[in-house]
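I have placed the structure first, in the form of structure tokens, so that the comments after it can refer back to it.
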Amino acid sequence: MGLFSFIKNAGEKLFGKDEQEVAAAAAANVDDLNAKAAAAIQSYIEKQNLGLSGLSVAFDGASGQVTLSGSAPSQESAEKAVLAAGNVTGVAGVQNNLQFPAAAEAQYHDVVKGDTLSAISKKYYGDANKYMKIFEANKPMLSHPDKIYPGQKLRIPE
Numbered sequence: 001m002g003l004f005s006f007i008k009n010a011g012e013k014l015f016g017k018d019e020q021e022v023a024a025a026a027a028a029n030v031d032d033l034n035a036k037a038a039a040a041i042q043s044y045i046e047k048q049n050l051g052l053s054g055l056s057v058a059f060d061g062a063s064g065q066v067t068l069s070g071s072a073p074s075q076e077s078a079e080k081a082v083l084a085a086g087n088v089t090g091v092a093g094v095q096n097n098l099q100f101p102a103a104a105e106a107q108y109h110d111v112v113k114g115d116t117l118s119a120i121s122k123k124y125y126g127d128a129n130k131y132m133k134i135f136e137a138n139k140p141m142l143s144h145p146d147k148i149y150p151g152q153k154l155r156i157p158e
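Numbering (UniProt numbering) for the sequence shown: 1 to 158.
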């Protein structure tokens, strides 16, 4: 599927430190910090119960790049794994090397200030009432239809 770009300073805060603390600590031991960040991202993805097998996550803190590998039961699961990894604070891009059965690729939407799932639904489907389709496509990363934030990337199914 390739490389997906994300806004580095938006998303789930899994690392528990601000960037200055991370930068200072990174000078001390980059490999340990990258391994801890990769483990936190992997744990977060696994909590989404996407049915992935053999998931391996690598993180490069200097570039903010995550690399995913393993197998997914469907393209939808692989896309959700990419979104889960990419919507983490400190991640600027995700290289998706997950293997999955081929299917039509979904569209993506970058949430901006003032966006609602209804407005996004109207834009892509012409019907604001189809917002639950977008919500369902982004579960379990989304816990409620009203809880989206600027900088988040959402999967828009056909």
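All residues carry an ideal CB built from backbone N, CA and C; glycine is no exception.
Leaving out five residues on either side along the sequence, give the residues of the same chain with a beta carbon under 6 Å from the beta carbon of Gln152.
-> Closer than 6 Å at Cβ, skipping near neighbours: Asn87, Val111.
Contact belief for Ala119 with Ala128 at Cβ below 8 Å, rounded distance in angstroms = With 8 Å as the limit, Ala119 and Ala128 qualify as a contact, their Cβ atoms being about 7 Å apart.
Consult DSSP for Val88 and reduce its assignment to one of helix, strand or coil.
-> Looking at Val88 - three-state DSSP - the assignment turns out to be strand.
Kindly identify the DSSP beta-bridge partner or partners of Phe59.
-> DSSP, once it has assigned bridges, lists Val66 as partnering Phe59.
From Leu117, Ser43, Tyr131, pick the residue whose C-alpha is nearest to that of Val57; which is it?
-> Out of Leu117, Ser43, Tyr131, Ser43 has the C-alpha closest to the C-alpha of Val57.
Quick one: what's got a C-beta closer than 6 Å to Ser69's C-beta in the same chain, skipping five residues either side?
-> These residues qualify, in order along the chain: Ser56, Asn97.
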